[in-house]
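Beneath this line is the structure, given in structure tokens, with notes to follow.
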């Protein structure tokens with residue numbers, strides 16, 4: 043595809059370069075010409091796995107840790123997520139997963155399990171509404187303390203945990219036979235003020251069973267302003 047690469051020659055070597063926006067457009071073009079199948083969603087049986095980058099705003103960690111810890115300046119965390127969904131023939135679904143993001147001194151992770159119902163709006167759009175349980179764990183690792191130089195590291199850990207109810211509502215929009223867009227809202231009643239989240243997930247079909255997924259999420263609470271970016275793979279069975 044000539045549009046998807048630029049060609050130059052230097053020192054008898056050939057280079058191919060591509061700008062990020064052009065790469066994204068080419069990815070959409072490739073997925074458009076692939077065979078069409080259903081996508082990973084609340085309406086199919088599927089598994090997903092990938093990486094996540096999280097940015098927590100200045101003063102945001104106090105909504106996770108309470109009096110244990112707060113941050114000056116925004117902090118970046120990196121981690122992994124996985125999830126799965128089982129759909130029934132009578133429009134019910136069971137959805138669950140977990141996510142962990144960490145940096146040198148701080149880790150936040152959550153797990154969840156929801157049960158919900160799917161409502162068909164038209165041939166291209168479905169609404170889903172569900173509720174369930176979630177767990178939240180925030181861990182702070184303090185500086186290593188040693189009485190002797192060669193002594194093992196006696197690191198102190200401070201952890202805050204909570205278990206609570208959660209609810210979600212979202213829309214699955216089949217933009218074209220190869221691309222699904224899924225905007226959704228989720229509330230987790232953890233800690234003192236609860237956590238709100240809006241997500242915009244995209245599913246791109248690569249083959250009959252495999253696809254790519256990319257999404258953006260925004261989490262907020264009393265002091266928290268958090269941005270999440272995900273990129274991963276999904277498998278339908």
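In my numbering, the protein residues as written are 43 to 279.
All residues carry an ideal CB built from backbone N, CA and C; glycine is no exception.
**Study point:** Helix, strand or coil at residue 166 according to DSSP, with G and I counted as helix
**Key:** If DSSP states are grouped into helix, strand and coil, residue 166 belongs with coil.
Review point. Can you name, in chain order, every residue of its own chain whose Cβ lies under 7 angstroms from the Cβ of residue 128, other than the five neighbours on each side?
Key: The answer, listed in chain order, is 87, 135, 136.
Check your understanding: Between which two residues does the beta strand (DSSP E) containing residue 111 stretch?
Key -> Taken as a continuous stretch (DSSP letters only), residue 111 belongs to no beta strand (DSSP E), as it is neither H nor E.
Practice item. Please check the pair residue 150 and residue 180, which I expect to be a contact at CB under 8 angstroms, by giving their CB distance rounded to whole angstroms. Key: That pair is a contact at about 5 angstroms.
Practice item. Assuming residue 94 and residue 272 form a contact by the criterion Cβ under 8 angstroms, report the distance between their Cβ atoms to the nearest whole angstrom. Key: Going by Cβ atoms, the distance from residue 94 to residue 272 rounds to 5 angstroms, so yes, they are a contact pair.
Check your understanding: From 110, 107, 89, 142, pick the residue whose C-alpha is nearest to that of residue 96; which is it?
Key -> Of the listed residues, the one whose Cα sits closest to residue 96 is 142.
Point to revise | Where residue 270 falls: helix, strand or coil (DSSP) | key: Strand, per DSSP.
Exercise for review: Thinking residue 230 and residue 268 are a contact (beta carbons under 8 angstroms), I'd like their distance in whole angstroms, please.
Suggested key: At roughly 13 angstroms, the Cβ-Cβ gap does not stay under 8 angstroms, so residue 230 and residue 268 are not in contact.
Exercise for review: Take the Cβ of residue 197 as the centre, count every other Cβ of all protein chains shown within 10 Å, and call the residue buried at 16 or more, exposed below.
Suggested key: Classification of residue 197: exposed, given that the 10 Å Cβ count is below 16.
Exercise for review: Have a look at residue 114 and residue 265 and give me their C-alpha separation to the nearest angstrom.
Suggested key: Approximately 12 angstroms between the Cα atoms of the pair.
Review point. Tell me, which residues are paired with residue 181 by DSSP?
Key: 149, 201.
Review point. What distance in whole Å lies between the Cβ atoms of residue 175 and residue 199, which are believed to be in contact at a cut-off of 8 angstroms?
Key: The beta carbons of residue 199 and residue 175 sit about 25 angstroms from each other, so the pair does not count as a contact at 8 angstroms.
**Study point:** Candidates 247, 154, 102, 108, of which the one nearest residue 126 by Cα
**Key:** Of the listed residues, the one whose Cα sits closest to residue 126 is 154.
Exercise for review: Could you work out which residue in 90, 146, 106 is closest to residue 119 when comparing CA atoms only?
Suggested key: When only C-alpha atoms are compared, the closest one is 146.
Check your understanding: According to the Cβ coordinates, are residue 201 and residue 173 closer than 8 angstroms?
Key -> Against a cut-off of 8 angstroms, the Cβ pair of residue 173 and residue 201 comes out as no contact.
Check your understanding: Thinking just about the alpha-carbon of each residue, which of 242, 163, 123, 234 is nearest to the one in residue 103?
Key -> Comparing Cα-Cα distances from residue 103 to each of 242, 163, 123, 234, the minimum goes to 234.
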